[in-house]
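Colleague: Have a look at the structure that comes next, please.
Written out as structure tokens, the structure reads:
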């Protein structure tokens, strides 16, 4: 048995991976130079830095969609992240790309998510707009807080007491550009962006069925015909189609038919799940809670932990945003109860 050192693994990448892969020894590097690891490539090292970070651990107590879910089987932001990583790694491996880079981006892509899922993201943007005098409901207001940008801030500035994780440029690029119409520079980063959609479209259906909001039979017939009749079949169809289409076109893509079916399911979720009365009732509670917390800490900046104030370099709203964004659901709820709900008198 012999030791496989970093140099050996880098050589193996060149022997085994496609020429379109992002090779670890070709990284654009880190913002601060550091000694290379003896055993791990730079992307493996980034994966491990993210995995051991405090913000990654907190994902286990941040909501995905169902804010007041009862039961142990609803997704959290952490289980979503792991499902994205699994899907993205399968696609990456099948295309001969760099699985280590894909895994690092996947594990880091949602580190900047707020408590209470996308509800918290919208709530923080609204709070910032109100305090900055930006008209609510405008693109300018929505742009004041985006979870992908906050994820980059987490790895660049917030972790390690302000030092950040000092990740490679390719991992930071993939984290920043994993959402919406943004495009990562690497094939691996673009895979994560699509794997994110594959994961949440499918597991949000699964959770909605578990919550009694949907039945499998409620899904559009067109999507059943194209993608399959259940959770497992849909994921297999989406992953297989993406691998085949990417191999045929030389770019990261799905066939138009399969992509359109996935986006039809996504639109169906927005219409029937994300805005369902039972979900919206909890959404309004969460938005109210976060707005009250934001206003309180903006007025009592000295109660924001000193490390967040130091990182913000005098920008009080930035310090409040970083602090609240990093909270878990239960910590935000407990803080709200401590600040705003008087305890009963004890006799």
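In this note's numbering, the protein residues as written are 1 to 347. We treat Cβ as the ideally placed atom computed from N, Cα and C, and that holds for glycine.
Three or more C-beta pairs closer than 8 Å, one from the region 264-275 and one from the region 97-112: is that the case here?
Modeller: Verdict: no, contact absent.
Colleague: Helix, strand or coil: how does DSSP classify residue 190 here?
Modeller: Indexing the chain shown from 1 puts residue 190 at position 190. Three-state DSSP puts residue 190 in a helix.
Colleague: For the region 281-300 against the region 108-127, are there 3 or more C-beta pairs whose distance is under 8 Å?
Modeller: The region 281-300 vs the region 108-127: in contact.
Colleague: Let me confirm a value: residue 39 is counted as buried when at least 16 other C-beta atoms fall within 10 Å, else exposed. Which label applies?
Modeller: One-based indexing of the chain shown puts residue 39 at position 39. Flag for residue 39 reads exposed.
Colleague: Examine the Cβ distances between the region 34-54 and the region 102-115 and report whether three or more of them are shorter than 8 Å.
Modeller: Judged by Cβ distances under 8 Å, the region 34-54 makes contact with the region 102-115, as three or more pairs qualify.
Colleague: Indicate whether residue 351 and residue 304 have their beta-carbon atoms separated by less than 7 Å.
Modeller: Any question about residue 351 goes unanswered here, given that the chain covers just 1 to 347.
Colleague: Which residues mark the beginning and the end of the alpha helix (DSSP H) in which residue 180 is found?
Modeller: As a working note, residue 180 is residue 180 in the chain shown. Counting along the chain, residue 180 falls outside any alpha helix (DSSP H), and DSSP gives it neither H nor E.
Colleague: Helix, strand or coil: how does DSSP classify residue 114 here?
Modeller: The residue labelled residue 114 in the question sits at position 114 within the chain shown. Of the three classes helix, strand and coil, the one that applies to residue 114 here is coil, per DSSP.
Colleague: Just verifying my parser: in three-state terms, what is the DSSP assignment at residue 225?
Modeller: Here residue 225 refers to the residue found at position 225 when the chain shown is read from its first residue. Three-state DSSP puts residue 225 in a helix.
Colleague: Closest by CA to residue 140, which one among 128, 33, 93?
Modeller: Here residue 140 is taken as the residue at index 140 of the chain shown, counted from 1. The shortest Cα separation from residue 140 among 128, 33, 93 belongs to 128.
Colleague: Are there 16 or more other CB atoms within 10 angstroms of the CB of residue 203, so buried, or fewer, so exposed?
Modeller: Position 203 of the chain shown holds residue 203. Classification for residue 203: buried.
Colleague: Which residue from 162, 185, 179, 159 puts its Cα closest to that of residue 171?
Modeller: Residue mapping note: residue 171 aligns to position 171 of the chain shown, counting from 1. Ranking 162, 185, 179, 159 by Cα distance to residue 171 puts 185 first.
Colleague: Contact defined as beta carbons within less than 8 Å: I believe residue 191 pairs with residue 88. What is the distance between those atoms, to the nearest angstrom?
Modeller: Here residue 191 corresponds to residue number 191 of the chain shown, with the count starting at 1. Here residue 88 corresponds to residue number 88 of the chain shown, with the count starting at 1. Rounded, the Cβ-Cβ distance is 5 Å, consistent with contact.
Colleague: Compare the C-beta of residue 91 against all C-beta atoms of chain B and say whether one is closer than 7 Å.
Modeller: In the structure shown, chain B cannot be found, because there is only a single protein chain.
Colleague: If you follow the alpha helix (DSSP H) that residue 322 is in, where does it begin and where does it stop?
Modeller: Position 322 of the chain shown holds residue 322. It spans 316-325 - the alpha helix (DSSP H) in which residue 322 sits, taken as one unbroken run.
Colleague: Classify residue 328 as helix, strand or coil using the three-state DSSP reduction.
Modeller: Translated into positions along the chain shown, residue 328 becomes position 328. Three-state result, residue 328: coil.
Colleague: Determine the burial state of residue 346: buried for a count of at least 16 other Cβ atoms within 10 Å of its Cβ, exposed for fewer.
Modeller: In the chain shown, residue 346 corresponds to position 346, counting from 1. Caution is warranted here: a pLDDT of 47 is assigned to residue 346, below 50, making its placement in the model unreliable, and the coordinate value is therefore given only provisionally. That one is exposed.
Colleague: Which whole-angstrom value is the C-beta distance of residue 28 and residue 105, which I expect to be below 8 Å?
Modeller: For the purposes of this step, residue 28 is identified with residue 28 of the chain shown, where counting begins at 1. For the purposes of this step, residue 105 is identified with residue 105 of the chain shown, where counting begins at 1. Going by Cβ atoms, the distance from residue 28 to residue 105 rounds to 14 Å, so no, they are not a contact pair.
Colleague: Alpha carbon to alpha carbon, how far is residue 24 from residue 250?
Modeller: Here residue 24 corresponds to residue number 24 of the chain shown, with the count starting at 1. Here residue 250 corresponds to residue number 250 of the chain shown, with the count starting at 1. Roughly 21 Å separates the two Cα atoms.
Colleague: Counting Cβ pairs, one atom from each stretch, are 3 or more of them under 8 Å apart for the region 8-21 and the region 152-160?
Modeller: At 8 Å Cβ cutoff, the stretches do not touch.
Colleague: How would you label residue 115, buried or exposed, when you count the other beta carbons within 10 angstroms and need 16 or more for buried?
Modeller: Taking the first residue of the chain shown as 1, we reach residue 115 at position 115. It is buried - the Cβ of residue 115 has at least 16 other Cβ atoms within 10 Å.
Colleague: Could you compute how far the alpha carbon of residue 259 sits from the alpha carbon of residue 222?
Modeller: For the purposes of this step, residue 259 is taken as the residue at position 259 of the chain shown. For the purposes of this step, residue 222 is taken as the residue at position 222 of the chain shown. Computed Cα separation, rounded: 12 Å.
Colleague: How about residue 64 and residue 137: are their beta carbons less than 7 Å apart?
Modeller: On the chain shown, position 64 is the one that residue 64 refers to. On the chain shown, position 137 is the one that residue 137 refers to. No.
Colleague: For residue 30, write down the residues that DSSP places opposite it in a beta bridge.
Modeller: Position 30 of the chain shown, counted from the first residue, corresponds to residue 30. Answer is 168, bridged to residue 30.
Colleague: Going by DSSP in three states, residue 347 sits in which element: helix, strand or coil?
Modeller: Residue 347 sits at position 347 when you count from the first residue of the chain shown. Interpretation of residue 347 is limited by its pLDDT of 43, a score under 50 that renders its predicted location unreliable; no figure is taken from the coordinates.
Colleague: For residue 4, count neighbouring C-beta atoms within 10 Å of its own C-beta (all shown protein chains included) and say buried if the count is 16 or more, exposed if not.
Modeller: As a first step, residue 4 is located in the chain shown; it is residue number 4 there, counting from the start. With fewer than 16 other Cβ atoms within 10 Å, it is exposed.
Colleague: Looking at residue 254 and residue 245, is the spacing between their C-beta atoms short of 7 Å?
Modeller: Here residue 245 refers to the residue found at position 245 of the chain shown. Here residue 254 refers to the residue found at position 254 of the chain shown. Contact: yes.
Colleague: Relative to the C-alpha of residue 180, which residue among 210, 163, 148 is closest?
Modeller: By one-based count along the chain shown, residue 180 stands at place 180. Selected option, being the one with the closest Cα: 148.
Colleague: What do you get for residue 332, buried or exposed, if any count of 16 or more other CB atoms within 10 angstroms of its CB means buried?
Modeller: Counted from its first residue, the chain shown places residue 332 at position 332. Classification for residue 332: buried.
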